[in-house]
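Residue numbers (the working numbering), protein chains in the order written: chain W, 19 to 287; chain C, 19 to 287; chain H, 19 to 287; chain D, 19 to 287.
For each residue, glycine too, the CB sits at the ideal point set by N, CA and C.
A quick note: this is a predicted structure, and the numbers were derived from the prediction, not measured.
Here is the structure we will look at, set down as structure tokens.
There are 4 protein chains.
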Amino acid sequence: MRFYETQEEPPDIKERLHRVGITNLRTVAKINWKGRVYTFIPTFEVTIDVPEDKKGIHMSRLVESITEAMSEAVEEEVMLSHTSLEELALAVIRRIEKKHRHRRAEVWIRTHLILEKTTPASGRTSLEPYDVEVGVIKEYEKLEKVLRVTVIGNTVCPHAMANNDGRTHIQRAVATLEVRTDFGEDITLEDMIEVVESSFSSPTYTLLKTMDENAVVQKMYENPKFVEDVAREILAKAKERFRGKIHVKVTSHESIHKHDVIAETWALV
Amino acid sequence: MRFYETQEEPPDIKERLHRVGITNLRTVAKINWKGRVYTFIPTFEVTIDVPEDKKGIHMSRLVESITEAMSEAVEEEVMLSHTSLEELALAVIRRIEKKHRHRRAEVWIRTHLILEKTTPASGRTSLEPYDVEVGVIKEYEKLEKVLRVTVIGNTVCPHAMANNDGRTHIQRAVATLEVRTDFGEDITLEDMIEVVESSFSSPTYTLLKTMDENAVVQKMYENPKFVEDVAREILAKAKERFRGKIHVKVTSHESIHKHDVIAETWALV
Amino acid sequence: MRFYETQEEPPDIKERLHRVGITNLRTVAKINWKGRVYTFIPTFEVTIDVPEDKKGIHMSRLVESITEAMSEAVEEEVMLSHTSLEELALAVIRRIEKKHRHRRAEVWIRTHLILEKTTPASGRTSLEPYDVEVGVIKEYEKLEKVLRVTVIGNTVCPHAMANNDGRTHIQRAVATLEVRTDFGEDITLEDMIEVVESSFSSPTYTLLKTMDENAVVQKMYENPKFVEDVAREILAKAKERFRGKIHVKVTSHESIHKHDVIAETWALV
Amino acid sequence: MRFYETQEEPPDIKERLHRVGITNLRTVAKINWKGRVYTFIPTFEVTIDVPEDKKGIHMSRLVESITEAMSEAVEEEVMLSHTSLEELALAVIRRIEKKHRHRRAEVWIRTHLILEKTTPASGRTSLEPYDVEVGVIKEYEKLEKVLRVTVIGNTVCPHAMANNDGRTHIQRAVATLEVRTDFGEDITLEDMIEVVESSFSSPTYTLLKTMDENAVVQKMYENPKFVEDVAREILAKAKERFRGKIHVKVTSHESIHKHDVIAETWALV
Chain W
19 MRFYETQEEP PDIKERLHRV GITNLRTVAK INWKGRVYTF IPTFEVTIDV
69 PEDKKGIHMS RLVESITEAM SEAVEEEVML SHTSLEELAL AVIRRIEKKH
119 RHRRAEVWIR THLILEKTTP ASGRTSLEPY DVEVGVIKEY EKLEKVLRVT
169 VIGNTVCPHA MANNDGRTHI QRAVATLEVR TDFGEDITLE DMIEVVESSF
219 SSPTYTLLKT MDENAVVQKM YENPKFVEDV AREILAKAKE RFRGKIHVKV
269 TSHESIHKHD VIAETWALV
Chain C
19 MRFYETQEEP PDIKERLHRV GITNLRTVAK INWKGRVYTF IPTFEVTIDV
69 PEDKKGIHMS RLVESITEAM SEAVEEEVML SHTSLEELAL AVIRRIEKKH
119 RHRRAEVWIR THLILEKTTP ASGRTSLEPY DVEVGVIKEY EKLEKVLRVT
169 VIGNTVCPHA MANNDGRTHI QRAVATLEVR TDFGEDITLE DMIEVVESSF
219 SSPTYTLLKT MDENAVVQKM YENPKFVEDV AREILAKAKE RFRGKIHVKV
269 TSHESIHKHD VIAETWALV
Chain H
19 MRFYETQEEP PDIKERLHRV GITNLRTVAK INWKGRVYTF IPTFEVTIDV
69 PEDKKGIHMS RLVESITEAM SEAVEEEVML SHTSLEELAL AVIRRIEKKH
119 RHRRAEVWIR THLILEKTTP ASGRTSLEPY DVEVGVIKEY EKLEKVLRVT
169 VIGNTVCPHA MANNDGRTHI QRAVATLEVR TDFGEDITLE DMIEVVESSF
219 SSPTYTLLKT MDENAVVQKM YENPKFVEDV AREILAKAKE RFRGKIHVKV
269 TSHESIHKHD VIAETWALV
Chain D
19 MRFYETQEEP PDIKERLHRV GITNLRTVAK INWKGRVYTF IPTFEVTIDV
69 PEDKKGIHMS RLVESITEAM SEAVEEEVML SHTSLEELAL AVIRRIEKKH
119 RHRRAEVWIR THLILEKTTP ASGRTSLEPY DVEVGVIKEY EKLEKVLRVT
169 VIGNTVCPHA MANNDGRTHI QRAVATLEVR TDFGEDITLE DMIEVVESSF
219 SSPTYTLLKT MDENAVVQKM YENPKFVEDV AREILAKAKE RFRGKIHVKV
269 TSHESIHKHD VIAETWALV
């Protein structure tokens with residue numbers, strides 16, 4: 019049976035498209051993290067470019083590239099090489115290379131990371147969730163990656179504290195740190211999370227016994243910070259530890275307002 | 019020209035459907051509030067029931083019922099009668115009655131309400147936004163309404179305060195109050211908002227000069243409340259002022275945790 | 019060290035709260051599915067009731083109940099008993115019973131399920147994702163469960179098809195089937211997904227080669243359905259296979275409109 | 019009474035912040051559109067930069083800049099000058115200039131626009147809703163604006179149509195067109211919406227009688243388009259009509275898949 023390959027025809031309008039593909043695709047993925055294979059269910063976006071003279075792309079080949087990179091058949095490959103989300107993304111790109119002509123390819127993987135933390139007073143283990151996203155962008159032979167972590171913390175207003183004898187308003191804040199850099203740069207999501215989490219008035223914890231809660235409260239009052247302070251501290255620490263284009267955005271869900279306040283900045287290191 | 023009316027045919031499977039219609043429809047609406055016509059852009063959901071022997075409904079008649087109830091032609095009617103969201107919803111139902119056979123009809127309108135408040139110290143005017151939703155449900159001749167308001171406030175933990183010499187954790191909290199009652203019951207969204215907003219540790223304001231911010235901070239510390247306290251206070255006040263099925267849900271976006279805490283309850287008055 | 023237990027004090031306002039607890043808590047969970055332990059990262063909501071004479075609950079005990087039920091220490095228990103999301107939810111409730119007095123307890127787990135399907139023509143394996151939610155509700159000694167699956171399919175308008183010589187509008191539709199029943203009822207999420215997925219004009223697939231795409235297109239045209247038809251078919255099949263309170267909601271993201279259409283119904287079997 | 023102005027102090031960490039301010043602020047706004055004053059309830063984001071030697075900004079001054087620009091006192095100004103969302107944004111910036119030192123200021127306004135369209139066969143009026151966002155960015159004396167419209171349309175697969183004798187899969191698609199350009203460029207949101215809406219397989223309508231629905235169905239089949247075709251057509255038309263940085267993103271909510279497909283591209287004209 020022969021099918022029409024409409025995608026290969028020349029389109030009426032000649033314009034290069036930079037990113038064409040699939041998005042919001044949820045599937046099972048596997049990763050070898052410190053010697054142990056983990057399964058998780060991330061969301062994928064995979065795109066390639068389309069030149070002026072081609073009408074479209076073969077979307078199913080992008081889907082196959084994802085599923086093949088994760089299939090049982092490559093359990094061995096997982097053990098050897100998928101040791102990080104960016105290795106996984108690169109494995110998808112390597113399969114696209116065999117299936118679909120392109121000049122630029124991108125693979126984005128969005129998922130959650132759970133890390134073990136120790137609570138500040140009782141010393142218990144608390145499992146902390148983080149939103150993370152990794153993108154690998156190939157243009158000709160150049161490989162870049164984008165690493166993004168989102169962490170929930172808090173801000174304690176120094177202005178209200180100075181004007182109210184130590185009383186102040188406190189609220190949840192959410193910060194995103196993004197680093198765009200060469201694929202080969204050695205940056206872990208865990209280190210990025212640490213940079214962000216340590217820059218709030220206090221880290222937050224899923225499990226807090228009363229003595230831990232007290233320690234967090236005391237830490238917050240000793241460490242009042244504007245949303246601006248949190249953004250500056252994340253940027254300064256990130257500039258010391260990572261190389262690339264660094265972007266920081268902190269949003270504070272003000273407890274005294276119905277709206278949010280933000281501080282955002284960026285730098286190239 | 020004659021069209022097939024597939025909707026009128028008997029379906030293969032005989033099951034009554036209770037709610038069939040259109041949702042997430044955004045359009046312009048008008049209301050006469052205290053003698054002045056206001057326009058706004060709410061989101062509509064309009065449904066009717068479908069008996070066992072009918073395949074479907076004529077969706078476009080529901081859309082027409084909305085747009086006719088809001089059209090220029092009825093500017094006069096707006097001046098006379100659309101004095102509240104529930105009057106507007108009823109006006110839509112009255113038009114459906116002329117267009118489409120049904121036993122049960124529902125109209126839901128979701129929008130924002132902006133109310134003028136006075137800040138606690140400087141006495142400035144602050145415009146405060148609230149999410150509101152109104153549903154009118156007609157079954158045979160019985161008319162009920164559901165009124166729902168969502169208000170942003172805060173909680174100040176009394177437990178941490180008792181254990182930390184007056185220091186504590188504070189956070190934004192969001193509360194929803196719903197009353198389901200006879201259509202004729204005289205309940206305003208403004209009164210419901212007042213019930214909720216006065217039950218937090220402090221109300222929140224869009225505009226706060228430093229002296230106002232100080233007043234809010236002082237009020238919060240004098241008024242520590244668990245999310246449970248907020249829910250109880252909303253319920254108790256609502257039971258005094260409104261008649262019907264009352265439902266309260268309060269969510270506190272904890273500043274010391276990555277998750278939220280909730281308190282939810284309900285009562286029939 | 020002794021702490022104030024503010025939660026145990028009598029509150030000023032005496033109102034029973036039906037649901038107090040934690041929500042949007044994301045953590046690692048494990049399940050023994052057909053003899054193999056799977057890890058995943060669901061979202062939890064855990065609540066208990068609070069009597070009139072108690073100010074609040076000890077939130078950290080709910081968190082501990084989750085993490086203990088999932089901890090390494092209970093790997094053996096996982097192998098034996100956590101064979102479904104509701105068994106996992108029950109395991110959390112059993113731990114709450116040892117930690118916190120209550121009359122009513124609820125545990126809700128929201129996650130994604132990935133199932134293997136075979137594509138209709140080429141016979142390839144396609145991994146399909148589904149949103150699922152399971153709640154277990156204990157009131158005194160009575161145990162109920164709520165099972166909810168959300169499936170992405172499509173509708174093909176029979177009315178437009180009849181009026182346009184076989185041409186019609188087609189669109190993505192999303193359906194949710196919920197069954198509320200005794201804890202002991204033997205209902206699998208996989209069976210519920212099958213009921214929903216088989217009731218659209220066609221099932222959808224993550225991977226479709228051209229010959230599969232053709233098969234799906236042909237199936238859609240041979241099987242035109244209003245959103246009403248999909249809802250009726252899900253309800254009818256669910257009534258045959260499951261016992262309990264059945265609730266069906268189908269939303270069609272119309273390709274010819276900017277709004278959606280819905281069909282919703284419910285029955286007690 | 020004198021307050022501490024913590025914001026004016028030098029921070030410990032010296033880093034320039036590019037965007038500090040308020041976001042998700044919902045309030046009433048007024049605009050003079052073709053000689054008539056309209057009220058609506060947009061969402062605002064307003065930011066300024068913070069130099070290395072300042073700890074923070076006075077957030078309340080940004081809020082005042084919004085509310086003053088919209089207050090009753092400036093009804094006359096509204097009649098004269100707020101004839102577009104960007105004029106409104108500029109009016110806010112002009113007030114910030116009197117209140118808070120800065121080098122860079124941004125005002126973003128997100129709202130809905132309702133336009134009157136005529137249905138294709140019956141010639142009825144249908145009110146169509148669009149998401150729009152306008153940003154005005156001032157850096158030193160340079161003024162730029164960003165205009166963004168999001169439109170709901172559809173795609174009709176040419177590949178499936180070629181392989182199935184005219185049968186194909188159809189689905190809702192959503193496209194965003196953004197133009198970043200000099201403040202003085204004369205571009206209307208209505209024109210941008212027209213560019214996008216005319217590039218789908220067919221425009222969509224809120225109200226469609228059967229004869230209109232037939233016309234839309236016929237138009238879709240005569241006009242099959244990949245998501246790539248829609249993106250190319252929007253870009254080509256936008257390049258002809260607008261000057262600036264043009265960005266196009268089209269997402270197709272595939273009726274045969276559970277994931278979406280996208281086509282995205284950009285150009286400088």
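- Within the DSSP secondary-structure output, C/Gly-153 pairs in a beta bridge with C/Trp-126, C/Val-164.
- Across the stretch 269-287 of chain C, CB contacts with chain W closer than 8 Å involve His-271, Glu-272, Ser-273, Ile-274, His-275, Lys-276, His-277, in sequence order along the chain.
- If only uninterrupted alpha helix (DSSP H) runs of at least 4 residues are considered, those enclosed by the stretch 187-232 of chain D are 207-215.
- Under DSSP, H/Arg-44 takes part in a beta bridge, and its partners are H/Thr-61.
- In the three-state reduction of the DSSP assignment, C/Lys-73 falls in the coil class.
- Annotated as distal: H/Ser-83 and H/Val-46, with beta-carbon spacing of 8 Å or more.
- Sequence-distant partners of C/Cys-175 (beyond 5 residues in either direction) whose C-beta falls short of 8 Å from its own C-beta, in its chain, are Thr-186, His-187, Ile-188, Pro-242, Phe-244.
- In the displayed model, C/Ile-111 falls within a helix according to three-state DSSP.
- Considering only W/Ser-219, W/Gly-141, W/Glu-282, W/Glu-157, the residue with the shortest C-alpha distance to W/His-120 is W/Glu-157.
- Using a Cβ distance threshold of 8 Å, C/Thr-85 and D/Leu-225 count as a contacting pair.
- Nearest CB-CB separation between C/Ile-132 and chain D: below the 8 Å threshold.
- Below the 7 Å Cβ cutoff, chain D contributes Leu-225 as neighbours of C/Glu-82, in chain order.
- If you draw a straight line from the Cα of C/Glu-105 to the Cα of H/Leu-106, it comes to about 48 Å.
- W/Lys-72 and D/Gln-236 have their C-alpha atoms spaced approximately 26 Å apart.
- Residues of the same chain with a CB within less than 8 Å of the CB of D/Gly-184, apart from the 5 flanking positions on each side, are Tyr-239 in chain order.
- Counting along the chain, the unbroken beta strand (DSSP E) around D/Val-279 starts and ends at 278-286.
- 8 Å or more divides the Cβ of D/Leu-103 from the Cβ of W/Glu-33.
- Here the alpha carbon of W/Lys-257 sits roughly 44 Å from the alpha carbon of H/Arg-54.
- Taking C-beta atoms as the reference points, H/Phe-58 and W/Ile-59 count as a pair closer than 8 Å.
- Counting along the chain, the unbroken alpha helix (DSSP H) around D/Ile-252 starts and ends at 245-259.
- A contact between stretches requires three or more CB pairs, one per stretch, nearer than 8 Å, and the stretch 257-267 of chain W fails this requirement with the stretch 21-41 of chain C.
- Around D/Thr-41, the same chain offers Glu-63 as residues with beta carbons nearer than 7 Å, after the five sequence neighbours per side are excluded.
- Counting only residues of its own chain and dropping the five nearest sequence neighbours on each side, W/Ile-274 has a CB closer than 7 Å to the CB of His-187.
- Short of 7 Å from the beta carbon of W/Pro-221, and not among the five residues preceding or following it, lie these beta carbons of its own chain, in chain order: Gly-171, Glu-215.
- Residues of chain W with a Cβ closer than 9 Å to the Cβ of C/Asn-50 do not exist, since the nearest Cβ in that chain sits about 27 Å away.
- Looking at the backbone, the Cα of H/Arg-250 and that of H/Thr-199 are separated by about 20 Å.
- Look at H/Gln-189: its C-beta is not under 8 Å from any C-beta on chain C.
- What W/Leu-43 touches in chain H, judged by beta-carbon distance under 9 Å, is Pro-147, Thr-224, going in chain order.
- If you look at D/His-271, you'll find it isn't in any alpha helix (DSSP H); DSSP assigns it neither H nor E.
- Around the Cβ of C/Arg-112, a 10 Å sphere holds fewer than 16 other Cβ atoms; the residue is exposed.
- D/His-265 is outside the set of residues whose beta carbon lies under 8 Å from a beta carbon in chain W.
- Annotation: H/Lys-116 to W/Val-234 spans about 27 Å, alpha carbon to alpha carbon.
- Of all residues in the stretch 167-199 of chain W, only Ile-170, Asn-172, Ala-178, Asn-181, Asn-182, Arg-185, Thr-186, His-187, Ile-188, Gln-189, Arg-190 place a beta-carbon less than 7 Å from a beta-carbon of chain C.
- One thing to note: W/Ala-281 has its Cβ within 8 Å of the Cβ of D/Val-38.
- Interface annotation for the stretch 48-76 of chain W against chain H: Tyr-56, Thr-57, Phe-58, Ile-59, criterion Cβ-Cβ distance under 8 Å.
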